[in-house]
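Letter by letter, the sequence shown follows residues -4 to 153 in this note's numbering.
Virtual Cβ for every residue (Gly too), placed ideally from N, Cα, C.
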Amino acid sequence: LKKPGPFVNHISVFINDGRYTEAHELALDFVKKFPDNLVAHFLLAKTAYCIEDFELSKSQGRIAFNMSKASGDMASCAVITASAHYRLNELERAMEMLRSVERTQVSQEVEEMMATIAFAMENEEEAFLHIDKLMRINKEVAQKLIEKFLSASVKKRN
């Protein structure tokens, strides 16, 4: 593969088919051939997350995030990076990443992730602040997240 487009297409197909190892191997090759390509780093972060290599996902997400500062892709890059921090139980780092984006871009994914992390940090006040913001963006997603939090609270108490 000599151009970025075919890499993106093949990796996307592999991810959609649940063939994460193949997607990841191709994403590694993509970054090697196109080290200055934001999408290459983002896809490597995503595939690393899919195969549960959260350290690599975090580092590649950070690279993609830093490359994305001049584009509309910041939110997506921040969410994948924050997700890796979350899985590594680096909750404050995840929130810092998301706060840096929230100041400049309103995003369903960012608010949803911030609510989830705040809830994991047992900061219900902040969690519901983000759910309130999410309600203004997408009521259905906000309601599903509330249901998820409520069922987690019930399980925690039992």
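(request) If I'm right that Ala43 touches Gln55 with Cβ under 8 Å, what's the distance once you round it to whole angstroms? (result) What you label residue 43 is simply residue 48 of the sequence shown in a count that begins at 1. What you label residue 55 is simply residue 60 of the sequence shown in a count that begins at 1. Right, their Cβ atoms sit about 6 Å apart.
(request) Count the other C-beta atoms from every protein chain shown that fall within 10 angstroms of the C-beta of Lys41, then say buried if there are 16 or more, exposed otherwise. (result) As a working note, residue 41 is residue 46 in the sequence shown. Result: buried.
(request) Please go through the stretch -1 to 25 and give each complete alpha helix (DSSP H) segment of 4 or more residues, from N-terminal end onward. (result) Annotation: the stretch -1 to 25 contains the following complete segments of the alpha helix (DSSP H) (minimum length 4 residues), in chain order: -1 to 11.
(message) On the CB-based measure, 16 or more other CB atoms within 10 Å of its CB, does Val34 come out buried or exposed?
(response) Position 39 of the sequence shown holds residue 34. So Val34 counts as buried.
(message) Assuming contact is defined by CB atoms lying nearer than 8 Å, are His125 and Glu106 in contact in what I supplied?
(response) Position 130 of the sequence shown, counting from 1, holds the residue named residue 125. Position 111 of the sequence shown, counting from 1, holds the residue named residue 106. The answer is yes: Cβ separation under 8 Å.
(message) Here's a check: name, in chain order, each residue in its chain whose Cβ is nearer than 7 Å to the Cβ of Ala158, leaving out the five neighbours to either side.
(response) The requested residue 158 is not part of the displayed model; the chain covers only -4 to 153.
(message) Are the CB atoms of Ala89 and Cys72 within a distance shorter than 8 Å?
(response) Locating residue 72 in the sequence shown gives position 77, counting from the first residue. Locating residue 89 in the sequence shown gives position 94, counting from the first residue. Going by C-beta atoms, Cys72 is not nearer than 8 Å to Ala89.
(request) Could you work out which residue in Val96, Ala115, Glu97 is closest to Arg82 when comparing CA atoms only? (result) As a position in the sequence shown, residue 82 is number 87, starting the count at 1. Selected option, being the one with the closest Cα: Ala115.
(message) I'd like the span of the alpha helix (DSSP H) that includes Glu85, first residue to last.
(response) By one-based count along the sequence shown, residue 85 stands at place 90. No alpha helix (DSSP H) holds Glu85; DSSP gives it neither H nor E.
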